[in-house]
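Okay, so here's the structure we're looking at.
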Amino acid sequence: MNILNLFSTETVNNGRQPAFDLCKTICIILMILCHVFYIIKFTNTPSLTPSFIAHNLVRLLGAQFFMFSMGLGLAYTRNDSARSCLKRGIILLLSGYMLNFLREILPWILFGSYPMFSSIMSNDKFLMLLSGDILQFAGLAFVFFAFVKHFKMSNWVIFVITVLFTALGAFCTNEISINLSPDNFYFSFIGLFIPIKNFTTSGYVCFSFCNWIIYPVIGWLFGKLMKRCTNPDKFYLYMLYISIPLLLLAWSAFDAAGKNMWLILMNPVVYHQQNPVILAVYMNIIAVAISLSHLFSNYFVKFKFWGIIKHLSSELPTLYIVSWIVIGWIGAWLKMNNKFLTKDFDNIFWLFVIVLFFSEIYVYFKNIWKNKNQVRNYNILNKKNL
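What follows is the structure, encoded as C-alpha coordinates:
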(Lines of atoms letter the chains of each structure in order from A and count residues from 1; the text may use other names and numbers.)
(Lines give C-alpha, C1' and ligand atoms only; values in the text may rest on other atoms or scores of the structure.)
Protein backbone atom coordinates (compact mmCIF):
# COMPACT_ATOMS: atom_id res chain seq x y z
CA MET A 1 0.00 0.00 0.00
CA ASN A 2 1.32 3.43 -0.97
CA ILE A 3 1.94 5.51 2.15
CA LEU A 4 0.42 8.56 0.42
CA ASN A 5 -2.90 6.72 0.23
CA LEU A 6 -3.07 6.86 4.04
CA PHE A 7 -3.82 10.59 3.94
CA SER A 8 -6.94 12.51 3.06
CA THR A 9 -7.25 16.08 1.84
CA GLU A 10 -9.62 16.74 4.76
CA THR A 11 -9.35 16.41 8.54
CA VAL A 12 -10.35 12.88 9.53
CA ASN A 13 -8.36 12.28 12.72
CA ASN A 14 -9.18 15.17 15.00
CA GLY A 15 -10.04 13.40 18.26
CA ARG A 16 -7.94 12.85 21.36
CA GLN A 17 -4.72 11.03 20.54
CA PRO A 18 -3.76 8.48 23.23
CA ALA A 19 -0.24 8.23 21.77
CA PHE A 20 0.29 11.93 22.45
CA ASP A 21 -0.88 11.49 26.06
CA LEU A 22 1.64 8.70 26.51
CA CYS A 23 4.39 10.81 24.90
CA LYS A 24 3.73 13.74 27.23
CA THR A 25 3.61 11.45 30.27
CA ILE A 26 6.95 9.94 29.30
CA CYS A 27 8.27 13.51 28.93
CA ILE A 28 7.39 14.64 32.42
CA ILE A 29 8.62 11.44 34.07
CA LEU A 30 11.95 11.58 32.24
CA MET A 31 12.43 15.29 32.89
CA ILE A 32 11.73 14.98 36.62
CA LEU A 33 14.18 12.07 36.77
CA CYS A 34 16.78 14.11 34.91
CA HIS A 35 16.34 17.08 37.25
CA VAL A 36 16.60 14.85 40.32
CA PHE A 37 20.18 14.18 39.29
CA TYR A 38 21.05 17.85 39.78
CA ILE A 39 20.92 17.52 43.57
CA ILE A 40 22.72 14.22 43.96
CA LYS A 41 26.43 13.72 43.41
CA PHE A 42 28.82 11.21 41.95
CA THR A 43 31.09 9.71 44.58
CA ASN A 44 33.83 9.34 41.98
CA THR A 45 34.58 10.23 38.37
CA PRO A 46 31.50 9.57 36.21
CA SER A 47 31.82 6.45 34.10
CA LEU A 48 29.48 4.00 32.41
CA THR A 49 27.86 2.95 35.68
CA PRO A 50 24.13 2.12 35.66
CA SER A 51 23.22 5.40 37.39
CA PHE A 52 25.31 7.46 34.95
CA ILE A 53 23.69 5.70 32.00
CA ALA A 54 20.25 6.29 33.54
CA HIS A 55 21.03 9.99 33.96
CA ASN A 56 21.88 10.38 30.30
CA LEU A 57 19.24 7.98 29.03
CA VAL A 58 16.45 10.23 30.31
CA ARG A 59 17.96 13.09 28.32
CA LEU A 60 17.51 11.20 25.06
CA LEU A 61 13.78 11.94 25.10
CA GLY A 62 13.13 14.49 27.84
CA ALA A 63 13.53 17.98 26.37
CA GLN A 64 13.30 16.90 22.73
CA PHE A 65 10.08 14.99 23.32
CA PHE A 66 8.71 17.87 25.41
CA MET A 67 9.23 20.34 22.56
CA PHE A 68 7.97 17.94 19.92
CA SER A 69 4.86 17.22 22.01
CA MET A 70 4.34 20.96 22.50
CA GLY A 71 4.09 21.33 18.73
CA LEU A 72 1.75 18.32 18.52
CA GLY A 73 -0.53 19.85 21.12
CA LEU A 74 -0.68 23.14 19.23
CA ALA A 75 -1.66 21.31 16.03
CA TYR A 76 -4.63 19.68 17.78
CA THR A 77 -5.85 22.53 19.96
CA ARG A 78 -8.73 24.75 18.83
CA ASN A 79 -7.23 27.71 20.63
CA ASP A 80 -4.36 28.26 18.20
CA SER A 81 -4.85 31.82 16.98
CA ALA A 82 -1.91 34.21 16.73
CA ARG A 83 -3.27 36.14 19.70
CA SER A 84 -3.54 32.98 21.83
CA CYS A 85 -0.02 31.87 20.89
CA LEU A 86 1.39 35.28 21.76
CA LYS A 87 -0.39 35.25 25.13
CA ARG A 88 0.87 31.74 25.92
CA GLY A 89 4.39 32.73 24.84
CA ILE A 90 4.50 35.73 27.16
CA ILE A 91 3.09 33.68 30.06
CA LEU A 92 5.69 30.93 29.51
CA LEU A 93 8.55 33.45 29.35
CA LEU A 94 7.43 35.08 32.60
CA SER A 95 6.88 31.65 34.18
CA GLY A 96 10.45 30.69 33.32
CA TYR A 97 11.92 33.71 35.10
CA MET A 98 9.54 33.29 38.02
CA LEU A 99 10.71 29.68 38.27
CA ASN A 100 14.33 30.91 38.40
CA PHE A 101 13.39 33.06 41.38
CA LEU A 102 11.45 30.35 43.23
CA ARG A 103 13.84 27.45 42.69
CA GLU A 104 17.17 29.30 42.89
CA ILE A 105 17.10 32.91 44.09
CA LEU A 106 14.66 32.56 47.01
CA PRO A 107 16.40 29.52 48.55
CA TRP A 108 19.71 31.36 48.05
CA ILE A 109 18.38 34.43 49.90
CA LEU A 110 16.97 32.37 52.78
CA PHE A 111 19.70 29.76 53.19
CA GLY A 112 22.78 31.76 52.30
CA SER A 113 25.33 30.68 49.72
CA TYR A 114 23.14 28.37 47.69
CA PRO A 115 22.98 28.61 43.95
CA MET A 116 21.89 25.26 42.49
CA PHE A 117 24.33 25.85 39.64
CA SER A 118 27.07 27.44 41.74
CA SER A 119 29.78 26.64 39.19
CA ILE A 120 27.94 28.63 36.54
CA MET A 121 27.27 32.09 37.89
CA SER A 122 29.44 32.48 40.98
CA ASN A 123 27.67 34.98 43.23
CA ASP A 124 25.51 37.07 40.90
CA LYS A 125 21.86 36.53 41.81
CA PHE A 126 20.68 38.82 39.02
CA LEU A 127 22.38 36.73 36.34
CA MET A 128 21.03 33.56 37.93
CA LEU A 129 17.56 35.07 37.64
CA LEU A 130 18.10 35.70 33.92
CA SER A 131 19.31 32.19 33.09
CA GLY A 132 17.28 30.55 30.32
CA ASP A 133 15.73 27.10 30.58
CA ILE A 134 13.08 25.20 28.64
CA LEU A 135 10.20 27.47 29.68
CA GLN A 136 11.95 30.52 28.21
CA PHE A 137 12.49 28.57 25.00
CA ALA A 138 8.86 27.43 24.96
CA GLY A 139 7.81 31.06 25.36
CA LEU A 140 9.91 32.13 22.36
CA ALA A 141 8.55 29.17 20.36
CA PHE A 142 4.95 30.28 20.94
CA VAL A 143 5.88 33.86 20.01
CA PHE A 144 7.31 32.41 16.78
CA PHE A 145 4.06 30.54 16.12
CA ALA A 146 2.14 33.76 16.81
CA PHE A 147 4.28 35.53 14.21
CA VAL A 148 3.86 32.93 11.44
CA LYS A 149 0.14 32.58 12.13
CA HIS A 150 -0.39 36.34 12.10
CA PHE A 151 1.17 36.55 8.64
CA LYS A 152 -0.62 33.34 7.52
CA MET A 153 2.57 31.68 6.30
CA SER A 154 2.28 28.33 4.53
CA ASN A 155 3.63 25.14 6.05
CA TRP A 156 6.48 25.02 3.55
CA VAL A 157 7.54 28.60 4.30
CA ILE A 158 7.48 27.90 8.03
CA PHE A 159 9.58 24.76 7.50
CA VAL A 160 12.15 26.62 5.36
CA ILE A 161 12.41 29.43 7.95
CA THR A 162 12.95 26.83 10.66
CA VAL A 163 15.72 25.12 8.66
CA LEU A 164 17.42 28.50 8.18
CA PHE A 165 17.25 29.14 11.93
CA THR A 166 18.76 25.70 12.53
CA ALA A 167 21.60 26.40 10.09
CA LEU A 168 22.24 29.75 11.79
CA GLY A 169 22.35 28.01 15.16
CA ALA A 170 24.85 25.44 13.90
CA PHE A 171 27.04 28.17 12.40
CA CYS A 172 27.01 30.29 15.59
CA THR A 173 27.74 27.29 17.78
CA ASN A 174 30.84 26.40 15.80
CA GLU A 175 32.11 29.75 14.52
CA ILE A 176 30.97 32.68 16.67
CA SER A 177 32.53 33.50 20.02
CA ILE A 178 32.37 36.56 22.25
CA ASN A 179 35.26 37.80 24.38
CA LEU A 180 33.33 38.73 27.53
CA SER A 181 33.58 37.91 31.20
CA PRO A 182 31.64 34.74 32.08
CA ASP A 183 29.32 36.69 34.41
CA ASN A 184 27.79 38.99 31.86
CA PHE A 185 24.21 40.00 31.10
CA TYR A 186 24.71 39.51 27.35
CA PHE A 187 25.34 35.80 27.84
CA SER A 188 21.83 35.39 29.21
CA PHE A 189 20.09 37.64 26.68
CA ILE A 190 21.82 36.78 23.41
CA GLY A 191 21.86 33.07 24.24
CA LEU A 192 18.07 32.96 24.28
CA PHE A 193 18.10 33.50 20.53
CA ILE A 194 21.43 32.31 19.14
CA PRO A 195 24.06 30.02 20.67
CA ILE A 196 27.62 31.27 21.10
CA LYS A 197 30.25 28.56 21.22
CA ASN A 198 32.16 29.78 24.28
CA PHE A 199 29.10 29.88 26.52
CA THR A 200 26.65 27.41 25.00
CA THR A 201 27.47 24.98 27.81
CA SER A 202 27.86 27.55 30.54
CA GLY A 203 24.32 27.09 31.74
CA TYR A 204 23.17 30.63 31.14
CA VAL A 205 20.88 29.37 28.39
CA CYS A 206 20.27 25.66 28.03
CA PHE A 207 18.00 25.83 24.97
CA SER A 208 18.79 28.51 22.41
CA PHE A 209 15.94 29.34 20.04
CA CYS A 210 17.85 28.69 16.81
CA ASN A 211 19.14 25.29 17.91
CA TRP A 212 15.86 23.93 19.27
CA ILE A 213 12.95 25.57 17.38
CA ILE A 214 12.94 22.74 14.86
CA TYR A 215 11.49 20.31 17.46
CA PRO A 216 8.17 22.11 18.12
CA VAL A 217 7.83 23.06 14.45
CA ILE A 218 8.31 19.46 13.30
CA GLY A 219 5.89 18.37 16.03
CA TRP A 220 3.34 20.92 14.81
CA LEU A 221 3.72 19.90 11.15
CA PHE A 222 3.54 16.23 12.14
CA GLY A 223 0.35 16.88 14.09
CA LYS A 224 -1.24 18.67 11.11
CA LEU A 225 -0.27 15.68 8.95
CA MET A 226 -1.75 13.18 11.42
CA LYS A 227 -5.06 15.04 11.43
CA ARG A 228 -5.44 13.91 7.80
CA CYS A 229 -4.29 10.33 8.40
CA THR A 230 -7.00 7.78 7.61
CA ASN A 231 -5.12 4.81 9.09
CA PRO A 232 -2.76 5.83 11.94
CA ASP A 233 -1.98 2.18 12.80
CA LYS A 234 -0.43 1.51 9.40
CA PHE A 235 1.30 4.87 9.24
CA TYR A 236 3.05 4.45 12.60
CA LEU A 237 4.04 0.92 11.61
CA TYR A 238 5.60 2.24 8.41
CA MET A 239 7.39 4.95 10.36
CA LEU A 240 8.79 2.32 12.73
CA TYR A 241 10.02 0.24 9.79
CA ILE A 242 11.84 3.31 8.42
CA SER A 243 13.20 4.92 11.61
CA ILE A 244 14.71 1.82 13.26
CA PRO A 245 16.91 0.92 10.24
CA LEU A 246 17.95 4.59 9.96
CA LEU A 247 19.04 4.56 13.62
CA LEU A 248 21.02 1.37 13.07
CA LEU A 249 22.57 2.93 9.97
CA ALA A 250 23.56 6.02 11.97
CA TRP A 251 25.10 3.83 14.67
CA SER A 252 27.09 1.96 12.01
CA ALA A 253 28.25 5.22 10.41
CA PHE A 254 29.49 6.55 13.76
CA ASP A 255 31.20 3.23 14.43
CA ALA A 256 32.87 3.27 11.00
CA ALA A 257 34.19 6.75 11.80
CA GLY A 258 35.70 5.41 15.01
CA LYS A 259 33.16 7.17 17.27
CA ASN A 260 30.71 5.81 19.81
CA MET A 261 27.28 7.32 19.07
CA TRP A 262 26.01 6.52 22.57
CA LEU A 263 28.87 8.39 24.27
CA ILE A 264 28.46 11.33 21.90
CA LEU A 265 24.73 11.60 22.62
CA MET A 266 25.48 11.56 26.35
CA ASN A 267 27.89 14.50 26.03
CA PRO A 268 26.20 17.59 27.56
CA VAL A 269 27.92 19.93 25.08
CA VAL A 270 26.59 17.94 22.10
CA TYR A 271 23.18 17.68 23.75
CA HIS A 272 22.69 21.43 24.15
CA GLN A 273 24.32 22.49 20.89
CA GLN A 274 22.25 20.14 18.70
CA ASN A 275 24.40 20.15 15.57
CA PRO A 276 22.57 18.93 12.41
CA VAL A 277 23.95 15.37 12.57
CA ILE A 278 22.90 14.91 16.21
CA LEU A 279 19.58 16.59 15.43
CA ALA A 280 18.89 13.99 12.72
CA VAL A 281 19.68 11.18 15.17
CA TYR A 282 17.36 12.65 17.80
CA MET A 283 14.57 13.04 15.23
CA ASN A 284 14.87 9.33 14.48
CA ILE A 285 14.73 8.54 18.19
CA ILE A 286 11.52 10.60 18.44
CA ALA A 287 10.07 8.80 15.40
CA VAL A 288 10.73 5.43 17.06
CA ALA A 289 9.37 6.66 20.40
CA ILE A 290 6.11 8.11 19.06
CA SER A 291 5.50 5.05 16.89
CA LEU A 292 5.95 2.75 19.88
CA SER A 293 3.77 5.09 21.95
CA HIS A 294 0.95 4.64 19.46
CA LEU A 295 1.29 0.87 19.42
CA PHE A 296 1.42 0.64 23.23
CA SER A 297 -1.38 3.16 23.78
CA ASN A 298 -3.71 1.11 21.55
CA TYR A 299 -3.27 -1.74 24.01
CA PHE A 300 -2.97 0.04 27.37
CA VAL A 301 -5.83 2.50 26.83
CA LYS A 302 -8.22 -0.33 27.80
CA PHE A 303 -6.91 -0.48 31.37
CA LYS A 304 -7.97 1.67 34.32
CA PHE A 305 -4.46 2.99 34.97
CA TRP A 306 -4.71 4.88 31.66
CA GLY A 307 -6.45 7.59 33.68
CA ILE A 308 -3.10 8.24 35.37
CA ILE A 309 -1.47 8.67 31.95
CA LYS A 310 -4.11 11.21 30.90
CA HIS A 311 -3.77 13.05 34.20
CA LEU A 312 0.02 13.36 33.99
CA SER A 313 -0.25 14.40 30.35
CA SER A 314 -2.76 17.17 31.04
CA GLU A 315 -0.76 18.50 34.01
CA LEU A 316 2.64 18.46 32.29
CA PRO A 317 3.43 22.22 32.53
CA THR A 318 2.32 22.44 36.17
CA LEU A 319 4.23 19.31 37.17
CA TYR A 320 7.34 20.58 35.42
CA ILE A 321 7.32 23.91 37.28
CA VAL A 322 6.33 22.58 40.72
CA SER A 323 8.75 19.61 40.57
CA TRP A 324 11.62 22.01 39.80
CA ILE A 325 10.68 24.19 42.79
CA VAL A 326 10.58 21.12 45.07
CA ILE A 327 13.96 19.96 43.71
CA GLY A 328 15.46 23.41 44.25
CA TRP A 329 14.35 23.57 47.88
CA ILE A 330 15.47 20.01 48.63
CA GLY A 331 18.86 20.89 47.17
CA ALA A 332 19.01 24.03 49.31
CA TRP A 333 18.12 22.08 52.46
CA LEU A 334 20.77 19.42 51.72
CA LYS A 335 23.48 22.02 51.12
CA MET A 336 22.50 24.01 54.21
CA ASN A 337 22.95 20.85 56.31
CA ASN A 338 26.20 19.89 54.52
CA LYS A 339 24.68 16.68 53.21
CA PHE A 340 24.75 15.07 49.81
CA LEU A 341 23.14 12.05 48.21
CA THR A 342 25.11 9.66 46.04
CA LYS A 343 23.85 8.55 42.65
CA ASP A 344 22.61 5.10 43.59
CA PHE A 345 19.21 3.83 42.50
CA ASP A 346 17.65 3.93 45.98
CA ASN A 347 18.36 7.65 46.32
CA ILE A 348 17.21 8.34 42.76
CA PHE A 349 13.97 6.39 43.19
CA TRP A 350 12.94 7.81 46.56
CA LEU A 351 13.86 11.35 45.65
CA PHE A 352 11.79 11.01 42.48
CA VAL A 353 8.84 9.72 44.53
CA ILE A 354 9.13 12.61 47.01
CA VAL A 355 9.28 15.23 44.24
CA LEU A 356 6.32 13.72 42.38
CA PHE A 357 4.33 13.39 45.62
CA PHE A 358 4.67 17.05 46.58
CA SER A 359 4.05 18.12 42.99
CA GLU A 360 0.83 16.10 42.92
CA ILE A 361 -0.32 17.64 46.20
CA TYR A 362 -0.06 21.06 44.59
CA VAL A 363 -1.91 19.84 41.48
CA TYR A 364 -4.68 18.38 43.68
CA PHE A 365 -5.34 21.64 45.55
CA LYS A 366 -4.97 23.68 42.36
CA ASN A 367 -7.70 21.64 40.70
CA ILE A 368 -9.98 21.95 43.74
CA TRP A 369 -9.56 25.73 43.65
CA LYS A 370 -10.12 25.75 39.87
CA ASN A 371 -13.33 23.68 40.18
CA LYS A 372 -14.67 25.91 42.96
CA ASN A 373 -14.08 28.97 40.81
CA GLN A 374 -15.85 27.34 37.88
CA VAL A 375 -18.87 26.47 40.05
CA ARG A 376 -18.95 29.99 41.52
CA ASN A 377 -18.75 31.61 38.09
CA TYR A 378 -21.50 29.29 36.83
CA ASN A 379 -23.76 30.21 39.76
CA ILE A 380 -23.10 33.93 39.24
CA LEU A 381 -23.96 33.59 35.55
CA ASN A 382 -27.19 31.73 36.36
CA LYS A 383 -28.26 34.42 38.84
CA LYS A 384 -27.68 37.11 36.23
CA ASN A 385 -29.77 35.20 33.70
CA LEU A 386 -32.60 34.84 36.22
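So the sequence shown is numbered by numbering that gives the first Met the number 0: it starts at 0 and just counts up by one. No residue lacks a Cβ here, since even glycine has one placed at the ideal position from N, Cα and C. All figures in this text were calculated on a predicted structure; none of them were measured in a lab.
Closest residue to residue i among the options (Cα-Cα distance)
{"i": "Pro231", "options": "Trp211, Glu9, Gln16", "result": "Gln16"}
{"i": "Leu315", "options": "Gly14, Lys23, Asn4, Glu9", "result": "Lys23"}
{"i": "Ile89", "options": "Leu139, Cys26, Ser290", "result": "Leu139"}
{"i": "Ala169", "options": "Arg375, Ile31, Ile284, Val269", "result": "Val269"}
{"i": "Met335", "options": "Leu71, Leu126, Phe19, Phe110", "result": "Phe110"}
{"i": "Ala81", "options": "Val216, Val147, Ile263", "result": "Val147"}
{"i": "Trp386", "options": "Ser292, Leu21, Leu98", "result": "The chain is shown only over 0 to 385; residue 386 falls outside these bounds and no answer can be derived."}
{"i": "Tyr363", "options": "Val374, His310, Ala249", "result": "His310"}
{"i": "Phe392", "options": "Ile133, Pro106, Pro215, Arg375", "result": "This structure cannot speak to residue 392, because the chain is shown only from 0 to 385."}
{"i": "Cys205", "options": "Phe136, Trp368, Val287, Leu32", "result": "Phe136"}
{"i": "Trp349", "options": "Asn154, Leu32, Asp254, Ile285", "result": "Leu32"}
{"i": "Trp219", "options": "Ser68, Met30, Val35", "result": "Ser68"}
{"i": "Val321", "options": "Phe357, Phe351, Val352", "result": "Phe357"}
{"i": "Ile39", "options": "Val142, Leu333, Trp155", "result": "Leu333"}
{"i": "Gly95", "options": "Val287, Ile241, Asp132, Trp155", "result": "Asp132"}
{"i": "Cys84", "options": "His149, Leu93, His34, Gln63", "result": "His149"}
{"i": "Pro267", "options": "Leu59, Thr8, Leu3", "result": "Leu59"}
{"i": "Ser207", "options": "Ala249, Lys371, Gln63", "result": "Gln63"}
Cβ-based neighbour list, residue i, same chain, cut-off 8 Å, excluding 5 preceding and 5 following
{"i": "Lys226", "result": "Thr10, Val11, Asn12, Asn13, Ala74, Tyr75"}
{"i": "Met282", "result": "Ile217"}
Where the alpha helix (DSSP H) through residue i begins and ends
{"i": "Met260", "result": "260 to 265"}
{"i": "Tyr96", "result": "81 to 99"}
{"i": "Pro194", "result": "Segment: none, Pro194 is in no alpha helix (DSSP H) and carries neither H nor E."}
{"i": "Met152", "result": "First-last for Met152: undefined, no H or E at that position."}
{"i": "Thr76", "result": "Here Thr76 belongs to no alpha helix (DSSP H), and DSSP marks it neither H nor E."}
{"i": "Ala256", "result": "Run containing Ala256: none; DSSP gives neither H nor E here."}
{"i": "Phe304", "result": "From DSSP, Phe304 is part of no alpha helix (DSSP H); its letter is neither H nor E."}
{"i": "Leu318", "result": "315 to 335"}
{"i": "Asn297", "result": "275 to 299"}
{"i": "Leu60", "result": "Per DSSP, Leu60 belongs to no alpha helix (DSSP H) and is neither H nor E."}
{"i": "Ile108", "result": "105 to 110"}
Close-in-space but distant-in-sequence residues of the same chain around residue i (CB under 7 Å, 5 per side omitted)
{"i": "Gln272", "result": "Thr172, Pro194, Thr199, Asn210"}
{"i": "Thr44", "result": "Since pLDDT at Thr44 reaches only 44, below the 50 mark, its modelled position is unreliable, and the value read off the structure follows with that caveat. Around Thr44: no qualifying Cβ."}
{"i": "Ala279", "result": "none"}
{"i": "Leu47", "result": "The predicted model places Leu47 with a pLDDT of 48, which falls under 50 and marks its position as unreliable; any figure quoted below should be read in that light. Cβ neighbours of Leu47 beyond the five flanking positions: none."}
{"i": "His293", "result": "Ala18, Pro231, Tyr235"}
{"i": "Tyr319", "result": "Ile27, Met30"}
{"i": "Gly61", "result": "Cys26, Leu29, Met30, Cys33"}
Cross-strand partners of residue i (DSSP beta bridge)
{"i": "Val204", "result": "Gly131"}
{"i": "Phe6", "result": "Cys228"}
Cβ shell of residue i (< 6 Å), same chain only, five flanking positions each side left out
{"i": "Ile213", "result": "Thr161, Thr165"}
{"i": "Phe65", "result": "Cys26"}
{"i": "Pro275", "result": "Ala169"}
{"i": "Leu129", "result": "Ser187"}
{"i": "Gly425", "result": "The requested residue 425 is not part of the displayed model; the chain covers only 0 to 385."}
{"i": "Leu234", "result": "The sequence as given places Phe at residue 234; Leu does not occur at that position. These residues qualify, in order along the chain: Leu5, Cys228."}
{"i": "Asp20", "result": "Ile308, Lys309, Ser312"}
{"i": "Leu355", "result": "none"}
{"i": "Ser296", "result": "Pro17, Ala18, Leu21"}
{"i": "Asn366", "result": "none"}
Proximity test, Cβ basis, 8 Å: residue i and chain D
{"i": "Gly190", "result": "In summary, chain D is missing from the structure at hand, where a single protein chain is found."}
Checklist line | Inter-stretch contact (C-beta, 8 Å, three-pair minimum) for the region 323 to 334 and the region 96 to 109 | finding: yes
Exercise for review: Give a yes or no on contact between the region 258 to 267 and the region 288 to 301, applying the rule of three or more CB pairs nearer than 8 Å.
Suggested key: As far as the Cβ criterion goes, the region 258 to 267 does not touch the region 288 to 301, which means the pair count is below three.
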